[in-house]
Amino acid sequence: MTEVSHVILFDIDGTLIHSARAGIRGMNAAFARLYGVADALEGVELAGRTDRAIASQVFRAIGREPTAEAIMALREAYVHHLAEEIAKPLPGSLVLPGVMAVLDALEARDDCAVGLLTGNFERGAAIKLGHFQLWSRFAFGAFGDDHVSRRDLVPIAMAQAARRAGRSFPASRVVVIGDTPLDVDCAQAHGARSVGIATGPFTRDALASARADLVLDTLEETGTFLEWLQDEA
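Residue 337 in my numbering sits at position 195 of the sequence shown, and the numbers go up by one each step.
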């Protein structure tokens with residue numbers, strides 16, 4: 143069997159799926175239920191940030207301290223509402239183009255460990271990806287429960303990959319795939335490589351300006367991605 147030599151880490155929202163804003167609706171519902179605050183996420187920057195960072199900002203905006211206990215209580219309410227919201231058959235809720243082909247191609251290789259690096263709370267990630275039958279495609283991950291900053295998730299994902307493979311990986315063998323400059327930034331912060339996918343709120347030019355190592359319109363450019371991965375080996 144070929145030894146694992148690449149760690150591939152996927153973002154979720156805007157990279158793998160669009161949920162028709164189920165996460166926003168779910169978190170708004172959680173804040174409304176717990177604190178009586180309507181549209182709590184209005185005006186809050188969301189793209190690329192962790193759920194923990196987003197919730198902490200809202201707590202401060204409504205005059206409450208974002209303690210660990212408050213974050214965990216909010217998470218419990220959020221995942222309840224998220225499960226309801228993701229089930230609604232709304233336009234724009236879909237697996238993004240090329241995702242299945244890329245995952246199939248990576249799964250067929252023995253040299254790639256495929257995981258998640260996402261700002262979603264872990265249970266939120268499971269609900270979202272489970273809805274689209276994608277959760278089981280990822281063996282490990284780093285989630286928004288773990289840290290406020292996305293940068294801090296990279297070492298967690300690398301450590302999990304190392305435990306599973308029985309060996310550590312240099313950062314140059316780690317690839318973060320996402321749709322925002324913050325996905326690119328967290329890779330750069332640790333010397334990992336990044337692939338920017340223009341299926342979220344940011345254009346190709348914006349992702350290139352953030353210095354993504356590879357920029358794709360969609361993951362339908364599977365061949366281009368796999369060739370790049372091979373060239374970088």
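Note that CB positions come from ideal geometry on N, CA and C, so glycine has one too.
Handout entry: Three CB pairs or more closer than 8 Å across the segment 235 to 244 and the segment 147 to 158
Key = The answer is yes - the segment 147 to 158 touches the segment 235 to 244, with three or more Cβ pairs under 8 Å.
Exercise for the section: Using three-state DSSP, classify H273 as helix, strand or coil. Expected result: To locate residue 273, count along the sequence shown from 1; it is residue 131. H273 sits in a helix when the DSSP states are folded into three classes.
Practice task
For the alpha helix (DSSP H) holding H223, just list the boundary residues, first then last.
Solution key: Here residue 223 refers to the residue found at position 81 of the sequence shown. Note, H223: alpha helix (DSSP H), A210 to I228.
Practice task
Look up I204 in the DSSP assignment and say whether it is helix, strand or coil.
Solution key: Stepping through the sequence shown from its first residue, residue 204 is reached at position 62. In the structure shown, I204 sits in coil (DSSP, three-state: anything other than H, G, I, E or B).
Practice task
Could you tell me how far apart the beta carbons of A304 and G283 are, in whole angstroms, since I believe they sit closer than 8 Å?
Solution key: Residue 304 sits at position 162 when you count from the first residue of the sequence shown. Residue 283 sits at position 141 when you count from the first residue of the sequence shown. Here A304 is actually not in contact with G283; their C-beta atoms are around 14 Å apart, not less than 8 Å.
Practice task
Would you mind listing the beta strand (DSSP E) stretches within the segment 149 to 176 that are 3+ residues and don't spill past its ends, in chain order?
Solution key: 159 to 161
Exercise for the section: Please classify S198: does DSSP put it in a helix, a strand, or coil? Expected result: Locating residue 198 in the sequence shown gives position 56, where the first residue counts as 1. Judged by DSSP in its simplified three-state form, S198 adopts helix.
Practice task
Please report the Cβ distance between R279 and T192, rounded to the nearest whole angstrom; I am assuming they are in contact, meaning their Cβ atoms lie under 8 Å.
Solution key: Residue mapping note: residue 279 aligns to position 137 of the sequence shown, counting from 1. Residue mapping note: residue 192 aligns to position 50 of the sequence shown, counting from 1. Contact doesn't hold; Cβ gap of about 22 Å is too wide.
Practice task
Determine the extent of the alpha helix (DSSP H) in which V186 is found, giving its start and end residues.
Solution key: Here the question's residue 186 lines up with position 44 in the sequence shown. It is not in any alpha helix (DSSP H) - V186 carries neither H nor E in the DSSP assignment.
Exercise for the section: Have a look at L224 and S161 and give me their C-alpha separation to the nearest angstrom. Expected result: Here the question's residue 224 lines up with position 82 in the sequence shown. Here the question's residue 161 lines up with position 19 in the sequence shown. If you take the alpha carbons of L224 and S161, they lie about 10 Å apart.
Exercise for the section: Between the Cα of L356 and those of S235, I339 and I269, spot the shortest distance and give me the residue it belongs to. Expected result: The residue given as residue 356 occupies position 214 in the sequence shown. Considering only alpha carbons, the answer is I339.
Handout entry: Cα-Cα separation, I213 to D373
Key = In the sequence shown, counting from the first residue as 1, residue 213 sits at position 71. In the sequence shown, counting from the first residue as 1, residue 373 sits at position 231. Cα to Cα, the separation comes out at about 43 Å.
Exercise for the section: Would you mind sorting D325 into buried or exposed? The rule is 16 or more other CB atoms within 10 Å of its CB. Expected result: For this step, residue 325 is matched to residue 183 along the sequence shown. It counts as buried.
Handout entry: Per-residue burial, A180 [other beta carbons within 10 Å of its own, 16 or more giving buried]
Key = Residue numbering aside, residue 180 sits at position 38 when the sequence shown is read from its first letter. Exposed is the call here.
Practice task
Return the CA-CA distance between P323 and G190, expressed in angstroms with no decimal places.
Solution key: Stepping through the sequence shown from its first residue, residue 323 is reached at position 181. Stepping through the sequence shown from its first residue, residue 190 is reached at position 48. Distance between the alpha carbons of P323 and G190 is about 7 Å.
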